[in-house]
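With our numbering applied, the sequence shown corresponds to residues 1236 to 1756, in that order.
Read the structure below first, then the notes.
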Amino acid sequence: MTDLFLGIDLGTSSVKVLVVDEAGRVRGSGSAGYPVDRPQPGYAEQDPEAWWRATGEAARQALGWAGPGAGSSVAGIGLSGQMHGTVLLGDDDRPIAPAIIWADQRAGKQVRSIPERVGAARLIELTGSPVAAGFQAATIRWLQEERSSLWWKTRRVLLPKDELRRRLVGEIATDPSDGSGTLLLDVRWRDWSPEVLTALEIAIERLPPVQESIAVAGGLGAEAAEALGLPASTPVVVGAGDAPSGLLGAGIVDPATMLLSLSTGSQVMVPARGVHPDPGGRTHTFCAALEPTAERPGWYQMGATLAAGMAMGWLRDRVFDLRGEDANDRIAGWAGEAPLGSDGLLFLPYLAGERTPHMDPAARGAFLGLTARHGRAELARAVMEGVTLACLDAFDVLREQGAAPDRIVIAGGGARSPVWRQMAADVFALPVHALATVDQAALGAALLAAVGVRGADPIATAHAWADQTSALEPNPSRHARYRELGALFRDAYAQVSETSHRLAAFEAPAGERVTPRRPRR
């Protein structure tokens, strides 16, 4: 019987598991959810035990779908997971508190103080990224300063997917791709930065050793094997962060292709053969899942915007009050009825502040040009156009850093819409390919297992496994119109920025100040 590989992607709202054969065909899939707990404003926490229960449930679903005897054919397990978060382990190497995940915003004070400790330019040079709340470095500094008793009880700090792997095999480790999302790793050397750790007063002994993502971390333990429905000792590779794993699952292994991911937020990601951080700190340079060689790049550049699917969800739930599984399809259909430019209606999608290129947590969303003649079609198209133009803003920064892709692979929930796919082609003036699976991070995790356990060629396998549709070509005349609209979009942010900041200050509770954009070991 052919080998099967299990890919596990530990997401923010659910864990997804794929059973994949040697040809990259998905034989089974499963998912199970868990909540994000928000005990205080700005907090975002999860229970690692809930991750574990959901993983067992999703794995059994996937294996059941794959058919009788599928478990005995699984040759290896790969992992992918939400990046940046913090899991605290005590002396017995078990969690001693809820995990603080990437969406947590409690460390605002530390976001401002970390660049002062390391030097803002030096921090970006070493780590490839600006500091952001939710990154592990900021969370650890918050623990040191605000919860010192909990920090003293902490023996080790893990990332989310590394906690899951600890439950699977009992080994403590991370990989460069996930580690580079902590702001503690030297992205050039692909290992912890002594300079950053010293400046932030973090002992290296608290961090896991860094291993390649394709390294076999160990065999499945007896308890884990029973939970997942697999044989004990099934090999488990170290795995990677969800973004770099998603690049692999999308078949993107060279700088000629950009991944445009339209999920809750959106990301534009392009593989890079070297480390070229943006001095202005508007983008991130992270380690890729695979080590650099002459044939493959070892890093990727990423620009992030915060509201893509979030903006569509807001429109669906708060404005249109739509229910049902077809709600998003209906909105996309309405958008297709409106003309390019939404009949003069422009939407700024800054519903949760903005990252690339503005790095402005106090940015606010807006409809501009709204008149009595605008209806649901124009509102829907304006939201989709605003999100896409925000992604173009992020991409323009990557181009300043040397990125020059000649094609786009579009992924995430937004990729399901033909209207949105064609809009992306017209806005970016590049051919757009979609993916047959929306679970490309789990597919990438399975690919890592195939490479690490069976020695599969990573480049050839990534190309073979990625099921990309034929290209949607850009329309030159529509692109010319979108260039005009893009200029209006960029000017609009500058025009409303001051008012946005004043509104953010006005809405803040008494005693709090909204800062305009700009302990112990």
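Virtual Cβ for every residue (Gly too), placed ideally from N, Cα, C.
Predicted model, so just to flag it, every value in this text is computed and none were measured.
- The Cβ-Cβ distance between Glu1436 and Gln1379 falls below 8 Å.
- Scanning the segment 1590-1672 from its first residue to its last, the whole beta strand (DSSP E) runs of 3-plus residues come out as 1601-1603, 1642-1646 and 1667-1669.
- Per DSSP, the continuous beta strand (DSSP E) segment holding Val1503 begins and ends at Ser1501 to Ala1507.
- In this structure, DSSP gives Phe1724 a helical state, which the three-state scheme calls helix.
- Pairwise C-beta distances place the segment 1318-1327 in contact with the segment 1393-1402, as three or more of them are shorter than 8 Å.
- Cβ contact annotation for Asp1272 (same chain, cutoff 7 Å, sequence separation greater than five): Glu1280, Gln1281 and Pro1333, in chain order.
- Taking 8 Å as the cut-off, the Cβ atoms of Gly1265 and Ala1297 count as close.
- The beta carbon of Arg1551 sits closer than 7 Å to the beta carbons of Leu1557, Ala1562, Asn1563 and Ile1566 from its chain, once the five residues preceding and following it are set aside; these are given in chain order.
- In terms of Cβ geometry, Ala1523 and Pro1640 do not form a close pair [threshold 8 Å].
- In the three-state reduction of the DSSP assignment, His1511 falls in the coil class.
- For Ser1468, the CB contacts under 7 Å within the same chain, skipping 5 residues up- and downstream, are Gly1454 and Leu1455 in chain order.
- Contact between the segment 1623-1630 and the segment 1581-1593 is present: 3 or more CB-CB pairs across the two stretches fall below 8 Å.
- With fewer than 16 other CB atoms across the displayed protein chains lying within 10 angstroms of its CB, Trp1424 is exposed.
- Phe1741 sits exposed, since fewer than 16 C-beta atoms from the chains shown fall within 10 Å of its C-beta.
- For Met1318, the closest C-alpha among the options Met1493, Asp1244, Pro1365 and Asp1578 is that of Asp1244.
- With a cutoff of 8 Å on beta-carbon distance, Thr1409 and Asp1421 are scored as not near each other.
- Counting every other CB atom within 10 Å of its CB across the protein chains shown gives Arg1616 a total of 16 or more, marking it as buried.
- When DSSP states are grouped into helix, strand and coil, Arg1553 belongs to the helix group.
- In this structure, the beta-carbon distance from Leu1442 to Leu1419 falls below 8 Å.
- By alpha-carbon distance to Trp1286, the top candidate from Ile1645, Gln1275 and Ser1249 is Ser1249.
- In the structure shown, the three-state DSSP call for Leu1324 is strand.
- In the displayed model, Val1686 falls within a helix according to three-state DSSP.
- Secondary structure at Thr1492: strand, using DSSP grouped into helix, strand and coil.
- The C-beta distance from Gln1536 to Ala1507 rounds to 5 Å, short enough to fall under 8 Å.
- Boundaries cannot be given for Gln1275, as no beta strand (DSSP E) includes it and DSSP labels it neither H nor E.
- Comparing alpha-carbon positions, the option among Ala1356, Gly1481 and Ser1652 lying closest to Arg1517 turns out to be Ala1356.
- For Glu1526, the CB contacts under 7 Å within the same chain, skipping 5 residues up- and downstream, are Glu1447 and Gly1533 in chain order.
- Taking C-beta atoms under 8 Å as the contact rule, Ala1457 and Gly1291 fail to qualify, at a distance of about 14 Å.
- Counting the other Cβ atoms within 10 Å of the Cβ of Ser1428 gives 16 or more, which makes it buried.
- The beta carbons of Val1632 and Asp1513 sit closer together than 8 Å.
- Leaving aside the five residues that flank Gln1657 on each side, the residues in its chain whose CB is nearer than 6 Å to its CB run, in chain order, Leu1707.
- A Cβ-Cβ contact shorter than 8 Å links Val1472 with Gly1687.
- For the 8 Å CB-CB criterion, Val1673 and Gly1647 form a contact.
- By the 16-neighbour rule on beta-carbons within 10 angstroms, Ile1312 is buried.
- The continuous beta strand (DSSP E) containing Ala1267 extends over residues Val1261 to Gly1268.
- Between Ile1359 and Leu1683, the alpha-carbon positions lie close to 29 Å from each other.
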